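**Q** If you read the protein sequences in the order shown, they are chains S and R.
FYI, the numbering for the first sequence is 209 to 516, going by this note's numbering.
FYI, the numbering for the second sequence is 209 to 516, going by this note's numbering.
2 protein chains.
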Amino acid sequence: MKASDSTLRGVLAPVLTPFEADLSPSAPRFVRHCRALVAQGVGLAVFGTNSEGNSLSVAEKRALIDALVEAGLPPSRMMPGTGTCALPDTIELTRHAVRAGCAGVLMLPPFYYKAVSEEGLYRSFAAVIDAVADPRLRVYLYHIPPVAQVGIPLPLIERLLVHYPGVVAGLKDSSGDFAHTASVIEAFGAGGFDVFAGSETFLLQTLRAGGAGCISATANVNGGAIAASAARWQEPAAELRQSALDRVRAAFQKRPMIAAMKAAIASGAGDEGWCRVRPPLTELDAEARRGLDADLDAIGYARPTLAA
Amino acid sequence: MKASDSTLRGVLAPVLTPFEADLSPSAPRFVRHCRALVAQGVGLAVFGTNSEGNSLSVAEKRALIDALVEAGLPPSRMMPGTGTCALPDTIELTRHAVRAGCAGVLMLPPFYYKAVSEEGLYRSFAAVIDAVADPRLRVYLYHIPPVAQVGIPLPLIERLLVHYPGVVAGLKDSSGDFAHTASVIEAFGAGGFDVFAGSETFLLQTLRAGGAGCISATANVNGGAIAASAARWQEPAAELRQSALDRVRAAFQKRPMIAAMKAAIASGAGDEGWCRVRPPLTELDAEARRGLDADLDAIGYARPTLAA
């Protein structure tokens, strides 16, 4: 199996997006968090599902990419989510990401219309790639049927790889079904197509099958440990490490996960502003937060301090 | 039951959006079609689901509203769809529609995140209404669970009506379940809350129950007949008219409906450019179009000429 030489292999976080009191994105908090992630060996899949990425406007996302680059964070470690419902928005964001030097983009299919044809999905991705028309573009397809409802079928991947070899670079599988992840690696991995599990739950399995790593929400709050597990997956202690990762994830997953992760960062960084989410999400209420704290304390979890 | 005095009662079309060869919106075709609809007594629910509204950028939608107003079409008959995934986009579009004089806006809930709380949905609508802060704003809630997946539960309507009386003006029910429509009319209709069926299939039932009319895809291609049925719903011939509407709808509904309606307009107006759709949708292939033509001819259907 031929591995790609991408700078994006390993562990990435769909970076949580902090907000100011007026619910505008908080660039200083965002930069600080990203710096801490990179220092832990975690790549920056900004504007993913757990980033509340689809609750942000194109202008807000462009500005946040610019803030990261201006702060000196490495575009070689960035894979911003750029897929939206509207073709011109996806083109604009993707173009901006490529010009900023981002090593890749994570692209949702257009997700408002349901039960669309494979031909329609093909045309959606092709139209973006053709419009951006930049040899530096690397597209990672984002398969997340539980949320987007619209998925990325295997024949679509095959067709895109035939027409855009080198550009269509991989896939994030958030189906929650490892058999599906394995089938994508089996079908396309040998060609250097990088398949990422959608959570660290499947990290070991994915790496053993020849996948590239994982892009996981909890990398926001347990990034160092997940990155270490990925780096040392062939060691005998790998299973033990995986169990430790699973315990942390379980504590966050018992609650609305985005709000729970933000609460943990708020506690660790001593900054309650981190708790804010944009509607339609809501922050944890006091009782849910106490429950989270109790669960995290019970497993000896250390909250992120955002120290890079 | 107290009826509202809105200029939007009756029949509205989620106006089809025509495109140029480069897939940019075709303002001249759009204006011509809207003029023909208004002449038939059909209101303009532009940027709905059947408008491919969610495939358009905010800038494109703003420009199309401006084109209609500049062409002299009456904002008193406009109810643009303004609900998107991202709060700032929904605010920007809603503000633009109000300032353009649109009598109302049709607002989807944010639809990317699934299984969100009623509190989160409440905050989404409240944040838009508070930010627009214009006494002219009239919000029609858009309940379309088969597509958006995220619906508008009755307790949410109640809460919005308590906090924003006069502003929250009605609802479009595209659940496809008339029992649900009836329950919304029963619960809120007496207060002047205008409930629209999501298709003319339920037009008679909705009007008999005290609803305001329908906002229906097929009003794009059968507007005059649907508007006449709505105006004369108390006449003895109403059932017969309803059956005729149902036959036309059935012919379109047997195919991908947006592409089928565009094909019928292309034929009627002698303008094949009307067939274009944006990805992820696809136009009818030749065989599907022959089938549509045969079905329409069999029921003596006259294609729209777009003559106003």
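Backbone N, C-alpha and C define an ideal beta-carbon position, used for all residues, glycine too.
Only a predicted model underlies this, so the values are computations on that prediction, with no experimental measurement involved.
1. Give the C-beta separation of A349(R) and I365(R) to the nearest angstrom, bearing in mind that I take them to be a contact with Cβ-Cβ under 8 Å.
2. Quick check: does the Cβ of A311(S) come within less than 7 Å of any heavy atom belonging to the ligand ATP?
3. Contact defined as beta carbons within less than 8 Å: I believe P222(S) pairs with A253(S). What is the distance between those atoms, to the nearest angstrom?
4. Taking 8 Å as the threshold (C-beta atoms), are S437(R) and R449(R) in contact?
5. Is there a C-beta anywhere in chain S that falls below 8 Å from the one on E268(R)?
6. Enumerated in chain order, which unbroken segments of the beta strand (DSSP E) with a length of 3 residues or greater are wholly contained in the stretch 284–317 of chain S?
7. Report the residues of the stretch 288–312 of chain R with a CB closer than 7 Å to any CB of chain S, ordered along the chain.
8. Of all the CB atoms in chain S, is at least one closer than 8 Å to the CB of R497(R)?
9. Do G251(S) and M287(S) have their CB atoms nearer than 8 Å?
10. Under 9 Å Cβ-Cβ, which residues of chain S neighbour R484(R)?
11. Closer than 8 Å between beta carbons: that is the criterion. Which residues of the stretch 464–491 of chain S meet it against chain R?
12. Would you say L368(R) lies against chain S (beta-carbon separation less than 8 Å)?
13. In the DSSP output, what is D402(R) paired with across the bridge?
14. Going by DSSP, what residues sit across from P233(R) in a beta bridge?
15. What is the rounded straight-line gap between the Cα of A244(R) and the Cα of L504(R)?
16. For V254(S), report the span of its alpha helix (DSSP H) as first-last.
17. DSSP beta-bridge partners for Y321(R)?
18. Quick one: any contact between the stretch 333–345 of chain S and the stretch 368–380 of chain R, if contact means 3 or more CB pairs under 8 Å?
19. CA-CA distance, R497(R) and A474(R)?
20. For P353(R), would you say it is in contact with chain S, using Cβ-to-Cβ distances shorter than 8 Å as the test?
21. Under the rule that 16 or more other beta-carbon atoms within 10 Å means buried, what is D524(S), buried or exposed?
22. Please list, in chain order, the residues of the stretch 320–353 of chain S that have any C-beta partner in chain R closer than 7 Å.
23. Secondary structure at V246(R), three-state DSSP: helix, strand or coil?
24. Out of curiosity, what's the CA-to-CA distance linking V324(R) and G280(S)?
25. Give the secondary structure of A221(S) by DSSP, where H, G and I count as helix, E and B as strand, and everything else as coil.
26. Pick out the complete alpha helix (DSSP H) segments inside the stretch 345–391 of chain R, 4 residues or longer, and give them in chain order.
27. Taking I507(R) as part of the alpha helix (DSSP H), name the residues at either end of that continuous run.
28. Could you have a look at G197(R) and say whether DSSP puts it in helix, strand or coil?
29. Give the DSSP-derived three-state secondary structure of W441(R) in the structure shown.
30. On a Cα-Cα basis, can you pick out the residue from A439(S), A425(S), L453(S), G478(S) that is closest to M465(S)?
31. Shortest alpha-carbon distance to R217(R) belongs to which of G261(R), L379(R), S232(R), T298(R)?
32. Could you list the residues in the stretch 252–265 of chain S with a C-beta less than 9 Å from some C-beta on chain R, going in chain order?
33. Any chance you could list the alpha helix (DSSP H) runs of at least 4 consecutive residues sitting entirely within the stretch 432–502 of chain S, in chain order?
34. Roughly how many angstroms separate the alpha carbons of S263(R) and D385(R), rounded to a whole number?
35. Taking Cβ-Cβ distances below 8 Å as the criterion, which residues of the stretch 398–426 of chain R are in contact with chain S?
36. Is there a Cβ from chain S that is less than 8 Å from the Cβ of P282(R)?
**A** So, from the data block:
1. Going by the sequence as given, residue 349(R) is Leu instead of Ala. Yes, L349(R) and I365(R) are in contact; Cβ-Cβ is about 7 Å, under 8 Å.
2. Summarising the ligand content, the structure contains no ligands, and the ligand ATP is consequently not present.
3. Their Cβ separation, rounded to whole angstroms, is 5 Å, which keeps P222(S) and A253(S) in contact under 8 Å.
4. Yes, the pair counts as a contact, with Cβ atoms nearer than the cut-off.
5. Chain S places a beta carbon closer than 8 Å to that of E268(R), counting this residue as a contact.
6. Taken in chain order, the unbroken stretches of beta strand (DSSP E) that lie wholly in the stretch 284–317 of chain S and span 3 residues or more are 313–315.
7. For the stretch 288–312 of chain R, the set of positions with a beta-carbon nearer than 7 Å to some beta-carbon of chain S reads C293, A294, L295, P296, D297 in chain order.
8. Between R497(R) and chain S, the shortest Cβ-Cβ separation is not below 8 Å.
9. Result yes, Cβ atoms of G251(S) and M287(S) sit closer than 8 Å.
10. Here the premise fails: no neighbours, minimum Cβ distance about 12 Å.
11. Listed by position, the residues of the stretch 464–491 of chain S near chain R (Cβ gap below 8 Å) are R486, P487, P488, L489, T490.
12. L368(R) does not count as touching chain S.
13. Answer is G378(R), bridged to D402(R).
14. Paired residues: F227(R).
15. Roughly 20 Å separates the two Cα atoms.
16. Counting along the chain, V254(S) falls outside any alpha helix (DSSP H), and DSSP gives it neither H nor E.
17. Secondary-structure assignment with DSSP links Y321(R) through no beta bridge to anything.
18. No, the stretch 333–345 of chain S is not in contact with the stretch 368–380 of chain R.
19. In this model, R497(R) and A474(R) are separated by some 11 Å (Cα to Cα).
20. Judged by the 8 Å Cβ criterion, P353(R) is not in contact with chain S.
21. Residue 524(S) lies beyond the residue range present for chain S, which begins at 209 and ends at 516; the question has no answer from this structure.
22. Result list: Y320, Y321, K322, V324, S325, E327, G328, L329, R331, S332, A335.
23. Here V246(R) sits in helix by DSSP.
24. Taking the CA atoms as reference points, V324(R) sits about 36 Å from G280(S).
25. Here A221(S) sits in strand by DSSP.
26. DSSP assignment within the stretch 345–391 of chain R yields the following whole alpha helix (DSSP H) runs of 4 residues or more, N-terminal first: 353–356, 362–371.
27. Boundaries for I507(R): no alpha helix (DSSP H) harbours it, and the DSSP string shows neither H nor E there.
28. Absent from the model: residue 197(R). The displayed extent of chain R is 209 to 516, so no value can be given.
29. The answer is coil: DSSP assigns W441(R) none of H, G, I, E or B.
30. Just measuring C-alpha positions, the residue of A439(S), A425(S), L453(S), G478(S) sitting nearest M465(S) is A425(S).
31. When only C-alpha atoms are compared, the closest one is L379(R).
32. Of all residues in the stretch 252–265 of chain S, T257, E260, G261, N262, S263, L264, S265 have a Cβ within less than 9 Å of some Cβ in chain R.
33. If we require 4 residues or more, the alpha helix (DSSP H) runs fully inside the stretch 432–502 of chain S come out as 446–461, 465–477.
34. Their backbone Cα atoms lie some 26 Å apart in a straight line.
35. Here the close residues number zero.
36. So, not an interface residue.
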